[in-house]
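Remarks on the structure that follows.
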Amino acid sequence: MSTGVAANSERMMKKERRLTRGIAACFLALVIFLSATLTTIRDQTRSYSNIIGLVSWKLNYSLALSSSLQVTRPKRSITCDCSHKSYDLCSINGPTALDPVASTLSLIDPTNSTPPNFIVKTHPYPRKLDAAAASRVKELILTSSPPKFPCGVAHKSPALVFSTGGYTGNFFHEFSDGFIPLYITINSFFPDQDVILVITNWKSWWARKYADLLPHFTRHPIINMDNQITTTHCFPSATVGLVKHGHMAVDPTSLPHPKTLLDFQQLLKKAYYNQGDDDHVLMSNKSTASARPQLVLANRKGNVGRVIWNLKEVIMAIKKVGFNVIVFEPKADTPLVNSFRLIHESHALVAVHGAAITHLLFQRPGAVLAGILGLNYMKYEIGVEESSLADKLYGTNDLVLKDPEAFVGKNWTKARVYLKTQNVKLDIVRFRGFLKKAFKKAKRFMAKEG
Numbered sequence: 250m251s252t253g254v255a256a257n258s259e260r261m262m263k264k265e266r267r268l269t270r271g272i273a274a275c276f277l278a279l280v281i282f283l284s285a286t287l288t289t290i291r292d293q294t295r296s297y298s299n300i301i302g303l304v305s306w307k308l309n310y311s312l313a314l315s316s317s318l319q320v321t322r323p324k325r326s327i328t329c330d331c332s333h334k335s336y337d338l339c340s341i342n343g344p345t346a347l348d349p350v351a352s353t354l355s356l357i358d359p360t361n362s363t364p365p366n367f368i369v370k371t372h373p374y375p376r377k378l379d380a381a382a383a384s385r386v387k388e389l390i391l392t393s394s395p396p397k398f399p400c401g402v403a404h405k406s407p408a409l410v411f412s413t414g415g416y417t418g419n420f421f422h423e424f425s426d427g428f429i430p431l432y433i434t435i436n437s438f439f440p441d442q443d444v445i446l447v448i449t450n451w452k453s454w455w456a457r458k459y460a461d462l463l464p465h466f467t468r469h470p471i472i473n474m475d476n477q478i479t480t481t482h483c484f485p486s487a488t489v490g491l492v493k494h495g496h497m498a499v500d501p502t503s504l505p506h507p508k509t510l511l512d513f514q515q516l517l518k519k520a521y522y523n524q525g526d527d528d529h530v531l532m533s534n535k536s537t538a539s540a541r542p543q544l545v546l547a548n549r550k551g552n553v554g555r556v557i558w559n560l561k562e563v564i565m566a567i568k569k570v571g572f573n574v575i576v577f578e579p580k581a582d583t584p585l586v587n588s589f590r591l592i593h594e595s596h597a598l599v600a601v602h603g604a605a606i607t608h609l610l611f612q613r614p615g616a617v618l619a620g621i622l623g624l625n626y627m628k629y630e631i632g633v634e635e636s637s638l639a640d641k642l643y644g645t646n647d648l649v650l651k652d653p654e655a656f657v658g659k660n661w662t663k664a665r666v667y668l669k670t671q672n673v674k675l676d677i678v679r680f681r682g683f684l685k686k687a688f689k690k691a692k693r694f695m696a697k698e699g
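Start counting the sequence shown at 250; every next residue gets the next number (the numbering used here).
Next up, the structure:
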C-alpha cells in the first residue's frame, strides 16, 4: 500500500517539475520576444541628430502585455528637438546646475531615466546651418553627469539660455535672430514671463542699447553668464535655445496662444512709447487740414555700400511731391526711444535695402514703407544705369548687372558685391513717379490715422 502511494507521489512531482519547466520556458520565450521587439522598434525609429557624438532614438513603450503587466515610457530629463532648419531647442526637465566656467548645464536629479554621463552639445542661436554665425556662438554642454560644484545661487524660476553672439551688432539680425525668436519662445513656454534669461556671448553695449526693452520679456533680473566667474546657479529646469519661425516672422498658427508681428510691435510700443502718445499724434496731425505727410528717409553714410550718391536731388524730389522729409541717419548709439518716436509718428519710410528696413517694426500699421532695391513691398527697383557697379566696376552686359541671381547662385559671399560695393544714383524723373504713388498712400493713411 505504501509502495503504491509513494509511486503516485513521485509521478505527481515529475508532472509538477515538467509544468514548472514549461512555464519557465514560456516566460523566457516571452522575455526574448519582447526584447527582440523593443530592439526592432528602437532600430526602426533610430534617428541620428546633428549633436556631436550622440545617437538618440524615440521609443514608444506602450505595449500592453496583460491587465496586470504594463510597460510605460520613461521620461527623459534631457531632450533636444533638432528637427528645425534654423534652430535646435534643448531642455533639462528637472533640477539644473549651471557651471558658467565650463559652459555646462548639469541635471541634478539622479532618479531620472537619462543614461549616466549623457552629453549633448548645442549652440543656442537660431542660425544653426550658418557656419560664420555659429563660430561666434559659445557651445554649451548639457549633461546628466553630476555638477562639479554645489549651488551658489538657487533660483525658483526656470532658465532660458541663449546667445547674443552670431550677427548681433547688425540691427536686422538683432531682431530677426534675437528679439523676435525670444518673443516667440517666451510666448510658447513662459507666457507669464516667469523665466530667468541667461545670456552667453554677453555684450555690454547690447544690454545698454536694449535696457528699456529687455524687462518686457521677464520679471526677473537677467544673468550675464560670462560674468559669473565662480558662482554656480541652480534652476528647477532649463530651456536652451530660441524658436525661430523665419526672417522677421511670427507664425500665429505655431503658438499655443496665437500672436502676430503686430503683437510684437505692441511690446515695442510699451517699451518705447508712452500711453496716450498716439492720441497726441492724431490731434496734432489733424489740427491743420493742409498738413503735409511726413516721410523719413533712412540714409547710409560712409564706406558701407548702398549709399545714395545724389541725396540732395532725392530730398528735393521728395519735397516737391508734397512730403515733409526728415533724413534719418541712425548710429550705433542712437537711443531707440528717439528712433521709435520719429518713425512711429511719420507716415512713410524710404530706405535702401539693408538693416534700416528693420525700422518698419516702428511704423504704425498702414504707414507706407518704400524700399529701394527689389523686395516684396512697395519697391523701387533700380536700373542698371542707377547702380555704381555700372559706373566703373562692370560693363552693362556683365552678368553681375544682367542677372544678379545667376551671378550669386548659392554663394552668399558674392552678394557682397551688391551689399558692400554698390551705391545708387537715382533717376530723379523715374523716382518722382514712384514718390507720387507713395504720397497718395501716405495721404490716405494720414486722413485715416492722423
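Using N, Cα and C, we set each Cβ at its ideal position, and we do this for glycine too.
Are residue i and residue j close, meaning C-beta to C-beta below 8 Å?
| i | j | result |
| --- | --- | --- |
| S437 | P501 | no |
| V489 | V402 | no |
| I592 | H602 | no |
| L544 | V574 | yes |
| L389 | S352 | yes |
| A520 | D582 | no |
| V586 | L546 | no |
| S486 | P407 | yes |
| H596 | A616 | yes |
| V386 | N450 | yes |
| S394 | N366 | yes |
| F688 | P464 | no |
| T371 | D330 | no |
| Y432 | L378 | no |
| F398 | T481 | yes |
Would you kindly report the start and end of the unbroken alpha helix (DSSP H) that includes residue i?
| i | result |
| --- | --- |
| G682 | 677-698 |
| V570 | 560-570 |
| K458 | 453-458 |
| S437 | 429-438 |
| F367 | Premise fails: F367 is in no alpha helix (DSSP H) and is neither H nor E. |
| L591 | 585-593 |
Rounded to whole angstroms, what is the Cα-Cα separation between residue i and residue j?
| i | j | result |
| --- | --- | --- |
| F428 | M474 | 18 Å |
| E423 | R457 | 14 Å |
| G495 | S425 | 8 Å |
| D358 | P344 | 6 Å |
| G418 | V444 | 25 Å |
| K334 | G699 | 42 Å |
| P373 | K690 | 42 Å |
| T537 | N523 | Summary for T537: the model assigns pLDDT 48, below 50, so the residue's position carries little reliability; its value from the coordinates is reported in the next sentence. Their Cα atoms are separated by approximately 24 Å. |
| K580 | P396 | 44 Å |
| A604 | G415 | 15 Å |
| I301 | V447 | Any reading at I301 needs caution, since the residue's pLDDT is 30, under 50, leaving its predicted position unreliable; the model's value is listed next. Each residue's alpha carbon lies about 23 Å from the other. |
| S305 | F513 | Here the model assigns S305 a pLDDT of 29, short of 50, so the residue's position is not dependable and the matter cannot be decided. |
| L511 | P364 | 44 Å |
| I472 | P614 | 35 Å |
| N548 | L675 | 13 Å |
| L531 | R693 | At L531 the pLDDT is 48, less than 50, meaning the model places this residue with poor confidence and gives no usable figure here. |
| T558 | Y459 | A small correction: the amino acid at residue 558 is Trp; Thr does not occupy that position in the sequence shown. Cα to Cα, the separation comes out at about 32 Å. |
| F683 | K568 | 13 Å |
| K405 | A696 | 51 Å |
| P584 | I677 | 33 Å |
| R679 | V673 | 14 Å |
Excluding the 5 residues preceding and the 5 following residue i in the sequence, name in chain order all residues of the same chain whose CB lies nearer than 8 Å to its CB.
| i | result |
| --- | --- |
| T509 | V499, P501 |
| K550 | V556, E578 |
| T328 | C339, S340, N342 |
Less than 7 Å between C-beta atoms, sequence neighbours within five positions excluded: which residues of the same chain meet that for residue i?
| i | result |
| --- | --- |
| R681 | A566, V570 |
| K685 | V570 |
| R468 | Q442, D443 |
| P430 | P375, L491, V492, K493 |
| K452 | T413, T417 |
| I606 | A600, G620 |
| F420 | A604, T607 |
| W455 | T413, T417 |
| L560 | N548 |
Could you check where the beta strand (DSSP E) with residue i kicks off and where it finishes?
| i | result |
| --- | --- |
| F577 | 573-577 |
| D512 | Note, D512: premise wrong, no beta strand (DSSP E); alpha helix (DSSP H) at 510-521. |
| V617 | 617-621 |
| V447 | 445-449 |
| V673 | Counting along the chain, V673 falls outside any beta strand (DSSP E), and DSSP gives it neither H nor E. |
| D379 | Note, D379: premise wrong, no beta strand (DSSP E); not H, not E. |
| V599 | 597-601 |
| L491 | Unbroken run through L491: none, as it is neither H nor E. |
Using a Cβ-Cβ cut-off of 6 Å (strictly less than) and excluding sequence neighbours within five positions of residue i, which residues of its own chain qualify?
| i | result |
| --- | --- |
| P349 | M474, Q477 |
| C483 | A346, C400, A403 |
| I232 | No information on residue 232 is available, as it lies outside the stretch 250 to 699 that the chain covers here. |
| F611 | F589, I592, H593 |
| N342 | S326, S486 |
| M497 | S425 |
Residue ranges of each beta strand (DSSP E) within the stretch 382-425, 3 or longer:
389-392, 408-412
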